[in-house]
Amino acid sequence: MLQLVVDGLFVGSFYALVALGYSMVYGIIKLLNFAHGDVYMVGAFTGFVVLSSVTGVAAVGGLASILIVLLIAMLLTGILGVTVERVAYRPLRASPRLAVLITAVGVSFILEYGVRQIMGPNPRVYPVRLSGETFNLLGARITLPQIILFAVAAGLMVALNYLVMRSRDGRAMRAIALDPQAAKLMGVNVDAVISRTFFIGSALAGAAGVMAGAYYGTVDFLMGFVIGLKAFTAAVIGGIGNLYGAMLGGILLGLLESFGTNFLGGEWRDVFSFACLILFLSFRPTGILGARVVERM
Amino acid sequence: MTQTSSSRTSQAQPAPEQAVRGLAYRFRPPAPTRARPAPERGLLQPRRFMSGAGAVLLLLALAVPFINASPYIISIGTSAFIYIMLAMGLNIVVGYAGLLDLGYYAFFAVGAYTSGVLATGGMPLVFTIPFVILACIAAGIIIGGPTLRLRSDYLAIVTLGFGEIIRLTANNLELTGGPSGISGIPTFSFLGWSFRDGLDLFGIHFNGDILLYYTAVLAGGGFTVLAVARLGKGRLGRAWRAIKDDEDAAEAMGINTYLTKLAAYVLGAIFGGLAGILMSAHQSAISPTSFVFLNSALLLMAVVLGGMGSTPGVLIGALVISLAPELLRDFASWRFLLFGVLLVLMMIFRPQGLWPSTAVLPFLRFRREGRSPREGFGPHVPDDENLDRSGEQA
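Here the protein sequences come in this chain order: S and D.
Residue numbering for the first sequence follows this note's numbering, beginning at 797 and increasing consecutively.
Residue numbering for the second sequence follows this note's numbering, beginning at 7 and increasing consecutively.
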């Protein structure tokens, strides 16, 4: 029982990290960034490349080296996110939503099959596998890396929260989310702030990618697709556009999945979470913490 | 500025004897500033020309097996027609109604599996058609019902999730054969005669598997194109376009947007399901791997590339998507990367597609510059030139 809770929390923290990027971008420019899950995949592969090019160091450093790789991957995926925004989304900011959505599907294809061209179609085994000793906590088996990864995820979320709620940039982001035109009139550099949002969101997804790669041990070029869907589900459950909502939704989805898997069997896990998405959208489309959206004309 | 406007009014003053005529002159309807040429007649009338071209293309497609009946050509043609059916069905949802459906393949899967399960259970394939239609209507309502009240981006991702649900369910259920799918689906048969036996007509033996199947798919594709094109022109089609342009305005004009969108969704689903029957009969085996997201994205690509909501455009798009793999054999692994780049570039530089729904072939568009009927009152000044000059002085 407690084991289920722990597993759910752990997987949920990955979902939450990816969902945060979704939610931030959606909150600011109302764009559903389809390619976000693929940014996660690119993060995992960046970690893979860096780790396998310095295998010796990784073997020595263990967890510490993973953290350094995490930072590198975050930086690179952040830059990737900014580039994608600049090249594919910014020229379309005034276009109908359908056009932007289709562009996002295209970007997702480019990332997936670009990585496939470079890294090959077969799953790659992560050079570092985090499988420390397990110890018991009230009857649940937990490994040390699990705790550390969970702590990293939590730390990133706290840092993000501080950034959005306390810093000048964060205030600009919230201003744009509220009303882009008014924010512009007040002297906010909207393009720059959107770029920064993409950087942060993508960096979080990249971090989640490296952590998932190190934890599960294999990466492949399609891994972003399902996680993108799950993260979106998490964002919807929590209330899209709301940061706390994304965190809560991620954790909740992790728990739901962990219990659902226990009752229905592993092969129905994804079906279960997508069914949750549909149910949530039909009964409470704004999510748990979401405010009622008023359409602006 | 004032000077130019006053000089222009003095130019446009009617001649004195006309002003005397008074009331009779004043209540004459204003003459058009440009004379329009008479509408085109005969074969060159745009609509007639396009349907004529369509009929010619259909005849050509019918003639293909008599020109070159190599199995390769026939099988490419067959898959092209299935693609056309699917793309036209998706065109209802994406092109007409503007609902981004990323799980369209789910309906294809529903159709293929329904007919596959029933046909392997002993039911003749033709009789599975109504069941497939019912199943697709049910699937369309299940997925569209709750989500169509939401705006488009939610719908996109929900349909994506729905596609995955269908695929994973097919992968896990015993009824659908699990990961290995269903095999040995019988082909069409009537009264003890089946497509597999072939047909002897006028002393020529028609190879059933290839030729009859090709004609069946051709008929299905042709029917779909006609039906979807006509649907798009009718009352429902206009309602769909209105919703695509501005949902709130459409609602204000008295369109029940929810039901109209649901209709688009269900009709699209039915065409997808019918294509699924043809596909399961063609391949005689189906498995969950044939219904991955990739295929949905390729279909979307076909609709977007050709031109959303445009019948000739979607035909072109579907042909490109189905024939490109054959032409790009050597670049097979680059194909999806290229498609992704193409999607982005299309949306940035030509969002209306190769053949937009408003396009008219250049040689069908005889809009000559008409002279103004009022040219007697002053020098003829073309409108745009006039605008340019006032802009300069302001």
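By construction, the Cβ of each residue, glycine as well, lies at the ideal position given by its N, Cα and C atoms.
On a CA-only basis, which of S/P887, S/L1060, S/V1006 and S/K826 is nearest D/L357? Give me that one, please. According to the sequence as given, residue 357 of chain D is Pro; it is not Leu. Considering only alpha carbons, the answer is S/P887.
For D/Y264 and S/G966, what's the separation of their Cα atoms in angstroms? 38 Å
Using a Cβ cut-off of 9 Å, which residues of the region 316 to 350 of chain D contact any Cβ in chain S, in chain order? S339, W340, R341, F342, L343, L344, F345, G346, V347, L348, L349 and V350
Unbroken beta strand (DSSP E) run spanning S/T939, endpoints: A936 to T939
Does the region 1041 to 1053 of chain S come into contact with the region 808 to 815 of chain S, if we say contact requires no fewer than three beta-carbon pairs (one atom in each stretch) closer than 8 Å? yes
Look at S/A869 and S/G843 and say whether their C-beta atoms are less than 8 Å apart. yes
Reduced DSSP category for D/S189 - H, G, I as helix; E, B as strand; rest coil: strand
Determine the extent of the alpha helix (DSSP H) in which S/A890 is found, giving its start and end residues. No alpha helix (DSSP H) contains S/A890, which DSSP labels as neither H nor E.
Could you work out which residues of chain S lie near D/T153, taking near to mean beta carbons separated by less than 8 Å? I1074, L1077 and S1078
Tell me the rounded alpha-carbon separation between D/K239 and S/M1007. 53 Å
Name the DSSP beta bridge partners of S/N932, please? S/R937
Reduced DSSP category for D/R241 - H, G, I as helix; E, B as strand; rest coil: helix
Under 8 Å: do the region 1010 to 1021 of chain S and the region 983 to 998 of chain S share three or more Cβ pairs, one atom per stretch? no
Using a Cβ distance threshold of 8 Å, determine whether the region 236 to 252 of chain D contacts the region 53 to 73 of chain D, with at least three qualifying pairs required. no
Counting only beta-carbon atoms, is S/F1059 nearer than 8 Å to chain D? no
Sort D/T153, D/Y89, D/I98 and D/A61 by Cα distance to D/R247 and report the nearest one. D/I98
I'd like to know if the region 890 to 905 of chain S and the region 1025 to 1040 of chain S are in contact, where contact means that at least 3 CB-CB pairs between them fall below 8 Å. no
Interface residues of chain D facing S/S891 [CB-CB closer than 7 Å]: P357
Could you tell me the distance, in whole angstroms, from the CA atom of D/A86 to the CA atom of D/L92? 10 Å
Answer yes or no: does any C-beta atom of chain S fall closer than 8 Å to that of D/T134? no
Could you confirm whether any beta carbon from chain S is found closer than 8 Å to the beta carbon of D/D159? yes
CB contact flag (S/I1036, S/F1076, <8 Å): no
Contacts that S/F1070 makes with chain D (C-beta to C-beta distance below 8 Å): G167, F168, E170 and I171
Burial state of D/I292 (16 or more Cβ within 10 Å): buried
S/G1083 versus D/F342 - alpha carbon distance: 35 Å
Which of helix, strand or coil DSSP assigns to D/P385: Confidence at D/P385 is low in this model, with a pLDDT of 48, below 50, so the placement of that residue should be treated as unreliable; the coordinate-derived value is given next. Correct three-state label for D/P385: coil.
Output needed in chain order: residues of the region 856 to 889 of chain S with a Cβ under 9 Å from some Cβ in chain D. V883, A884, P887 and L888
Where does S/I868 fall in DSSP's three states? helix
D/R54 in three-state terms, based on DSSP: helix
For D/R377 and D/A37, what's the separation of their Cα atoms in angstroms? Caution is warranted here: a pLDDT of 49 is assigned to D/R377, below 50, making its placement in the model unreliable, and no coordinate value can be reported.
Tell me whether S/A831 sits in a helix, a strand or coil according to DSSP, three-state version. coil
Name the DSSP beta bridge partners of D/A414, please? As displayed, chain D neither begins before 7 nor continues past 400, which places residue 414 of chain D out of reach and without an answer.
When the distance is taken between beta carbons, is S/A1071 closer than 8 Å to D/I171? yes
Closest to S/L800 by CA distance: which of S/I914, S/A831, S/V850 and S/R937 is it? S/R937
Using three-state DSSP, classify D/V366 as helix, strand or coil. coil
Burial state of S/G1062 (16 or more Cβ within 10 Å): exposed
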